[in-house]
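Below: the structure, in structure tokens.
Number of protein chains: 2
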Amino acid sequence: MNAKVRSSGLVKHAVDVFWETYPPLWRMIQAHIREVAVKQFNISVDQFHILRHIRRGRNSVSELAEVRDISRPAISQSVDLLVIRGLIFRTIDIKDRRHIKLDLTADGNALMDAISGDTRQWMVDKFAQLSVDEIQAFTFSMDSFKKII
Amino acid sequence: MNAKVRSSGLVKHAVDVFWETYPPLWRMIQAHIREVAVKQFNISVDQFHILRHIRRGRNSVSELAEVRDISRPAISQSVDLLVIRGLIFRTIDIKDRRHIKLDLTADGNALMDAISGDTRQWMVDKFAQLSVDEIQAFTFSMDSFKKII
DNA sequence: GTTAATCATTAATAAACTTAATCAAATTCA
DNA sequence: TGAATTTGATTAAGTTTATTAATGATTAAC
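Written out as structure tokens, the structure reads:
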């Protein structure tokens, strides 16, 4: 068996393991966010993610649509709701009046601080159940994935 | 700095890295599935996941609702569509006539073979861009996550 | 300067989800 | 036993959230 065949089996196995673990872990985290965001703050998980992206600097409808992989009108509608709820606000770019910049209001930031803080602590508690080796392997491999995203 | 503090920083960093990589990677894979499933076979990504779970043995409405974290009526409706499309079929359990087992038809299996095969190959190609160390770290860490799911 | 492209939105509609109610079957227990 | 409860699935009605097509406003291209 040569190196090519060995590494090929390695990759196939990695893909199998991916499907066993990756989706359920993501679902578990989404469920926790739903618990906090919906039950305590009455915003949907999708709205949470939109706020999260805006906070990280994806502050236009087009960028949000691209990063969330849904249509611009859909984002526009969600943004509208978040504006009405006083969590974000729009500002027209003077340089190019087609661009509308989105930013979190003080309320929006406070809400995100609360949800992110809660979720983060919950995740830290979860991750803390793993060994140092396991954490390091996770961090290392996640970093490596940035190359192929 | 003692071990506790070091490992705490380690965990916090892992959570940060998680948010940088995990959601975009998942979105990228979902986008690929959408490309194949929707464009070539005209089923939604959610329908693909339902078929995937049925194929893996989650063959009741309740199990699917639990694993997908949505209501049973929602699953029931999706299942109905998949039955109409001839991709799955229902069988009543003789032992307990409340239970209705779901299974893929020959068409359903063929469709899943096509989509899974395509997606799997695409993922293998993606993963193959990583080094052996990186793949092994990923597999190791994903395996370790099974403990906390 | 007219045409084309870009960014965001509105309008109309469709898909997918929710809760509440219903039905059928099995289980519990007074 | 048999009445009440539980369980699994579905139906019904209504809400949310997405889509496509069309519109408005602004900028870029030729």
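Chain order of the listed sequences is A and L. Quick note: the first sequence uses the working numbering, first residue 1, plus one each step. Quick note: the second sequence uses the working numbering, first residue 1001, plus one each step. In this text, a Cβ means the ideal position worked out from N, Cα and C, and glycines have one as well.
What are the uninterrupted segments assigned as alpha helix (DSSP H) that are 4 or more residues long and contained completely in the segment 1033-1104 of chain L, given in chain order? Entirely contained in the segment 1033-1104 of chain L, the alpha helix (DSSP H) runs reaching 4 residues are, in chain order, 1045-1055, 1061-1068 and 1072-1084.
Hey, does I81 of chain A have any beta-carbon neighbour from chain L nearer than 8 angstroms? Translated into positions along the first sequence, residue 81 of chain A becomes position 81. First, the residue type needs correcting, since residue 81 of chain A is Leu and not Ile in the sequence shown. Taking Cβ atoms only, chain L never reaches closer than 8 angstroms to L81 of chain A, which makes this a no.
Touch check for the segment 1007-1026 of chain L and the segment 136-148 of chain A: three-plus C-beta pairs under 8 angstroms? The segment 1007-1026 of chain L vs the segment 136-148 of chain A: in contact.
Are T119 of chain A and I1149 of chain L touching if we call contact CB-CB under 8 angstroms? Reading the first sequence from its first residue, position 119 is the one you call residue 119 of chain A. Reading the second sequence from its first residue, position 149 is the one you call residue 1149 of chain L. A distance of 8 angstroms or more separates the beta carbons of T119 of chain A and I1149 of chain L.
For a test of the three-state rule: what should DSSP assign to K126 of chain A, helix, strand or coil? Taking the first sequence and counting its residues from 1, the one referred to as residue 126 of chain A is at position 126. Under the three-state reduction of DSSP output, K126 of chain A falls in the helix class.
Can you tell me the Cβ-Cβ gap for V1045 of chain L and R1056 of chain L, rounded? I've got them flagged as a contact below 8 angstroms. For the purposes of this step, residue 1045 of chain L is taken as the residue at position 45 of the second sequence. For the purposes of this step, residue 1056 of chain L is taken as the residue at position 56 of the second sequence. Their Cβ separation, rounded to whole angstroms, is 16 angstroms, which puts V1045 of chain L and R1056 of chain L out of contact at 8 angstroms.
Identify the contact partners of V1017 of chain L in chain A, using a Cβ-Cβ distance below 7 angstroms as the criterion. Working through the second sequence from its first residue, we reach residue 1017 of chain L at position 17. Result: T139, M142 and D143.
Nearest CA to the CA of D143 of chain A: which residue from L:I1094, L:S1008 and L:H1013? One-based indexing of the first sequence puts residue 143 of chain A at position 143. Taking only the C-alpha atoms, the option nearest D143 of chain A is L:H1013.
For F1048 of chain L, which residues in the same chain have their Cβ closer than 7 angstroms to its Cβ, ignoring the five residues on either side in sequence? On the second sequence, position 48 is the one that residue 1048 of chain L refers to. Answer for F1048 of chain L: I1033, A1037 and I1115, listed in chain order.
Touch check for the segment 1082-1089 of chain L and the segment 1104-1111 of chain L: three-plus C-beta pairs under 8 angstroms? Enough Cβ pairs lie closer than 8 angstroms, so yes.
Going along chain A, which residues have a C-beta under 7 angstroms from F1127 of chain L? Taking the second sequence and counting its residues from 1, one reaches residue 1127 of chain L at position 127. Chain-order list of chain A residues neighbouring F1127 of chain L: V11, A14 and V15, by C-beta distance under 7 angstroms.
Excluding the 5 residues preceding and the 5 following I1050 of chain L in the sequence, name in chain order all residues of the same chain whose CB lies nearer than 8 angstroms to its CB. For the purposes of this step, residue 1050 of chain L is identified with residue 50 of the second sequence, where counting begins at 1. Shown here for I1050 of chain L: same chain residues with a beta carbon closer than 8 angstroms to its own, the five before and five after excluded, namely L1064, R1068, I1075, S1078, V1079 and L1082 in chain order.
Decide if E1134 of chain L is buried, meaning its Cβ has at least 16 other Cβ atoms within 10 Å, or exposed. Counting from 1 along the second sequence, the entry for residue 1134 of chain L is found at position 134. Under this definition E1134 of chain L is a buried residue.
Can you have a look at S131 of chain A and say buried or exposed, based on whether 16 or more other CB atoms are within 10 angstroms of its CB? Within the first sequence, residue 131 of chain A is the residue found at index 131, counting from 1. Exposed is the call here.
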